[in-house]
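Chains E and H are the protein sequences, given in the same order. Using the working numbering, read the first sequence as starting at 6 and increasing by one per residue. Using the working numbering, read the second sequence as starting at 836 and increasing by one per residue. Read the structure below first, then the notes.
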Amino acid sequence: MFRNQYDTDVTTWSPAGRLFQVEYAMEAVKQGSAAIGLRSKSHVVLACVNKANSELSSHQKKIFKADDHIGVAIAGLTADGRVLSRYMRSECINYSYSYESPLPVGRLVVQLADKAQVCTQRSWKRPYGVGLLVAGLDESGAHLYYNCPSGNYFEYQAFAIGSRSQAAKTYLERRFENFMGSSRDDLLKDALFAIRETLQGEKLTSSICTVAVVGVGEAFHILDQGTVQALIEAFEIAGEEATASEPTAADQPASEPGAAADQGAPAGHDAAPMDI
Amino acid sequence: MKLLDSTDSGNNSSIERTQYPYVTGTSVIGIKYKDGILMAADMGASYGSTLRYKSVERVKPVGKHSLIGASGEISDFQEILRSLDELILYDNMWDDGNSLGPKEVHNYLTRMMYNRRNKFDPLWNSLVLGGVKNGQKYLGMVSMIGVHFEDNHVATGFGNHLARPILRDEWHENLTFEDGVKLLEKCMRVLLYRDRSAVNKLQIAKITEEGVTVSQPYSLKTFWNFNAFQNPTAGAEGSW
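Right under this line is the structure:
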């Protein structure tokens, strides 16, 4: 994308019917470090790459628990992500207080999307620069949603966002048909493999990734480093050599509605990413 | 009932609050049975000691999964029904396959009643909330001060004193529909004899996974030919 005369504020349409500020916000998501999510009938797993700025600093927190049954992984402007997680926690607890019941994931996701939409239609605001992978469990089963700065949201079987997420997506696309019936451990294994894909040859250890699970009878929680390292070793995922030796299947965007959106709008591309 | 409250602009000194109820309904009884919940209430509403209105429906469905029965001030019950209607409406507007079940409605009512109690302006009702969702039966009660609990059988007002002892002895898990109705009628009959605000016209409502059915109003058979009532002045000539 190049600078143009229609991209100064979010309330200006381009002649082609695009809101460039919103698209730029989606670019910010692509710059963040990778986060992936996948779900089966009874469990949802979130995993993300945690790169610290320097050896001296700590990792940025990218996975947040919103309630016992909902968690979120973010990619993009972490500060925006933190604020939205706080909103999610607030909504969850208010609902629980009034109704003594967990907030259905689908409703939280719509509320998030509406909140994001407001920022695309006020001249004094800017869109949130963060993509959210919302994982949750409710009466109707296990769910994984992706919330986009544009205010759109989609439900997914598996998805990846952030930098080098295409590698993870390709891996997931090959296997997603089996996820519904996967066991919790299989899901974790696939999540870790997918994360490894985004590392492009770097060694996968528990110090650079974070994994969280939520499932039937299992509250949302982040797995501790020891457990993750044990899983990595058990599944023999570490793999030092470039794992790109695995044949990469052709992209099948039709099977993941909106997956193409994340990769959309290369320079000069006509369709706006959020038009699905 | 409020005439003025603190939201009335300017005049803060004449905050009025509900002090006493005017048009009131008497007991409601609810029990769990094999397929769901049964709830019974008579159709009377008294104006003090006058049995003024005799066709008041005090048991109403709420959404797809719940039934609410109320005793106490009828106008406050109507206000609660209006609030619940709005609640269910917004719930339906999500149009997403999720719906508020009896547990959620019960908790919402509890919050409403307790908040009003804290303002010293209660909704003068005792509510019975029952329902079935996803095979789970639920039966609970909320009082006008926000006391709430769940049980296998609940009652309001006089029902607590006259009906619950019967239910404690005779209620059991997996009552059939017929047995449940018989049990409720037994309780309602005792209330009819002994509660002066009871009228002999009642409705029994049932809620199961399939839905709600509210019976047509009907009367209970009563028996007054007890010996003690035959010649009431036998032992005291001249009295009545």
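Even glycine gets a Cβ: it sits at the ideal position worked out from N, Cα and C. From a predicted model like this one, the values you see are computed outputs, not experimental measurements.
Asked: What number of angstroms, rounded off, separates the C-alpha of ASN1066/H from the C-alpha of TYR949/H?; Found: 51 Å
Asked: Using 8 Å as the limit for Cβ to Cβ distance, is ASP931/H near chain E?; Found: yes
Asked: Just by C-beta distance, which residues in the segment 910-932 of chain H are closer than 7 Å to chain E?; Found: TRP929, ASP931, GLY932
Asked: Buried or exposed: where does LEU142/E fall if 16 or more other Cβ atoms within 10 Å of its Cβ makes it buried?; Found: buried
Asked: Run the CB neighbour count on SER62/E, radius 10 Å, all protein chains shown included, and call it buried at 16 or more, exposed below.; Found: exposed
Asked: Can you find at least 3 beta carbon pairs, one from the segment 214-232 of chain E and one from the segment 41-54 of chain E, that sit closer than 8 Å?; Found: yes
Asked: Within the continuous alpha helix (DSSP H) that includes GLN230/E, where are the two ends?; Found: 230-239
Asked: With H, G and I counted as helix, E and B as strand and the rest as coil, what does DSSP make of PHE1110/H?; Found: The requested residue 1110/H is not part of the displayed model; chain H covers only 836 to 1075.
Asked: How many Å lie between SER106/E and GLN205/E at the Cα?; Found: 43 Å
Asked: At which residue ranges does the segment 867-926 of chain H contain complete beta strand (DSSP E) runs of 3 or more residues, listed in the order of the chain?; Found: 871-877, 880-882, 885-888, 894-897, 901-908
Asked: Quick one: measure Cβ to Cβ for TYR133/E and ASP85/E, integer angstroms, because I've assumed they're closer than 8 Å.; Found: 5 Å
Asked: Any C-beta of chain E sitting closer than 8 Å to the C-beta of GLU1008/H?; Found: no
Asked: Given a cut-off of 8 Å, decide if LEU117/E and ALA78/E are closer than it, judged by their beta-carbon atoms.; Found: no
Asked: Name the chain H residues that come within less than 8 Å of SER95/E, Cβ to Cβ?; Found: Here the premise fails: no neighbours, minimum Cβ distance about 17 Å.
Asked: Less than 8 Å between CB atoms is the rule here; does ARG946/H satisfy it with respect to chain E?; Found: yes
Asked: Taking only runs of the beta strand (DSSP E) that begin and end inside the segment 37-115 of chain E, which ones reach a length of at least 3 residues, in chain order?; Found: 40-44, 48-54, 68-72, 75-81
Asked: At a Cβ cut of 8 Å, what residues of the segment 105-127 of chain E count as close to chain H, listed as they run along the chain?; Found: GLU105, SER106, PRO109, GLY111, ARG112, VAL115
Asked: Counting only beta-carbon atoms, is LEU1055/H nearer than 8 Å to chain E?; Found: no
Asked: With a 10 Å radius around its C-beta and 16 neighbouring C-beta atoms as the bar for buried, classify GLN854/H as buried or exposed.; Found: exposed
Asked: Compare the beta carbon distance of ILE237/E and THR210/E with 8 Å and say whether it is the shorter of the two.; Found: yes
Asked: Compare the C-beta of GLU207/E with all C-beta atoms of chain H and state if any pair is closer than 8 Å.; Found: no
Asked: Just the Cα atoms here: how many angstroms apart are LYS1056/H and LEU935/H?; Found: 39 Å
Asked: Near THR885/H, what residues of its chain come up, given a Cβ to Cβ distance below 7 Å and the 5 sequence neighbours on each side ignored?; Found: none
Asked: Please work out which residues of its chain come closer than 6 Å, Cβ to Cβ, to HIS64/E, disregarding the five sequence neighbours upstream and downstream, and give them in chain order.; Found: ASN55, ALA57
Asked: Short of 7 Å in beta carbon distance, which residues of its chain neighbour VAL1047/H, apart from the five on each side in sequence? Order them along the chain.; Found: PRO896, LEU902, ALA1040
Asked: Would you call the segment 868-876 of chain H and the segment 1006-1013 of chain H touching, i.e. three or more CB-CB distances under 8 Å?; Found: yes
Asked: Could one say the Cβ of SER103/E lies closer than 8 Å to chain H's Cβ atoms, at least one of them?; Found: yes
Asked: My understanding is that VAL894/H touches GLY904/H, with C-beta atoms under 8 Å, so please give their C-beta distance in whole angstroms.; Found: 4 Å
Asked: Quick one: is SER906/H buried, meaning 16 or more other Cβ sit within 10 Å of its Cβ, or exposed?; Found: buried
Asked: Could you name the residues of the same chain whose beta carbon sits closer than 6 Å to that of LYS120/E, not counting the 5 residues immediately before and after it, in chain order?; Found: none
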